[in-house]
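Note that the UniProt record's numbering gives residue 177 to position 177 of the sequence shown, counting from 1, and the numbers run on in steps of one.
By construction, the Cβ of each residue, glycine as well, lies at the ideal position given by its N, Cα and C atoms.
As the structure is a computational prediction, the values presented were derived from the model and not from experiment.
Remarks on the structure that follows.
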Amino acid sequence: MSAPRGDDRPGAADAARRNPSCGDGGRAGIAGATFGTGLASEPMLVDQISAPAVGLILQRHKVFVDQGEALLVDGERAVALCGAWVTVGASPAEVEPGVPATHVEDCPDCRAIHLGEADLPMPGDPIRWFVRRVGTPVVHVVTDDGITATRLVAQCGRSFRLGEPLERLAAGDGVPCTACLLAAPSDGGLLGRVPGDPPRLGCPPGAGR
């Protein structure tokens with residue numbers, strides 16, 4: 001997961017999470033959900049169209065809402081799968097002041113994560129992600145058995161919900177989580193970068209929780 005990108009450009013305040021091709025003002029209907037009120041009856045991915053960080057084509061991001069969590073409402077800020085901040089609402093009419101928004105494309109990072117194509121390791125390579133919550137110093141280690149469809153569980157037991165504002169780091173960056181390092185397999189891979197490995201992290205016991 002990459003660090004959230006800013007979305008405070010002109011028109012971003014009107015960013016939408018729905019696919020306009022569905023014909024209801026930019027909102028893509030999801031079975032079992034009532035938008036604006038209530039809780040999600042099942043885990044779901046919600047499309048959110050937002051102004052691009054670069055270029056003139058709107059980006060269709062995906063925001064994860066877990067079962068039992070409050071459904072997103074207009075004006076609310078959320079984090080897409082790719083880590084970008086988006087604002088729930090109608091699709092922006094302009095990409096830039098005076099430049100009409102005429103095209104929409106899927107966010108490639110959201111799509112890759114959704115399809116399971118992001119950061120695929122080579123066969124036999126261990127999966128180790130070094131992640132931390134944005135704004136905190138402690139880096140945690142997530143291995144194969146800590147990756148689920150809805151959460152990342154670090155070696156120390158710290159749990160991150162898919163869609164949280166997380167950033168992934170390279171080995172050695174940030175403040176390592178001591179508990180993660182002690183709990184990780186003792187193959188020496190946590191101290192050096194293994195080819196094909198995603199970035200890593202660590203933290204003192206209890207830190208960043």
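Here's a check: name, in chain order, each residue in its chain whose Cβ is nearer than 7 Å to the Cβ of residue i, leaving out the five neighbours to either side.
i: Gly-172; result: none
i: Val-88; result: Arg-17, Gln-48, Leu-72, Val-73, Asp-74, Gly-75, Glu-76 and Ala-78
i: Gly-38; result: Leu-71
i: Ala-183; result: Gln-155 and Cys-156
Do you know offhand how far residue i's Cα is from residue j's?
i: Thr-150; j: Gln-67; result: 10 Å
i: Asp-106; j: Ile-57; result: 10 Å
i: Ala-179; j: Cys-156; result: 5 Å
i: Phe-160; j: Leu-152; result: 5 Å
i: Leu-181; j: Ala-70; result: 35 Å
i: Ser-41; j: Val-63; result: 16 Å
i: Gly-135; j: His-114; result: 25 Å
i: Gly-23; j: Thr-148; result: The predicted model places Gly-23 with a pLDDT of 33, which falls under 50 and marks its position as unreliable, so this point remains unresolved.
i: Arg-132; j: Ala-84; result: 15 Å
i: Val-54; j: Pro-165; result: 20 Å
Please say whether residue j and residue i have beta carbons closer to each other than 7 Å?
i: Cys-82; j: Asp-47; result: no
i: Ile-127; j: Asp-144; result: yes
i: Leu-72; j: Ala-80; result: no
i: Trp-129; j: Arg-168; result: yes
i: Val-139; j: Pro-176; result: yes
Note the first and the last residue of the continuous beta strand (DSSP E) segment covering residue i.
i: Leu-58; result: 58-65
i: Ala-90; result: Element bounds for Ala-90: n/a, residue is neither H nor E.
i: Val-46; result: 44-50
i: Ala-78; result: 77-79
i: Ser-159; result: 159-161
i: His-103; result: It is not in any beta strand (DSSP E) - His-103 carries neither H nor E in the DSSP assignment.
i: Glu-167; result: 166-168
Who are the Cβ neighbours of residue i in its own chain at under 6 Å, not counting the five residues just before and after it?
i: Glu-96; result: none
What residue range is occupied by the uninterrupted alpha helix (DSSP H) comprising residue i?
i: Ile-113; result: 108-114
i: Leu-181; result: 178-183
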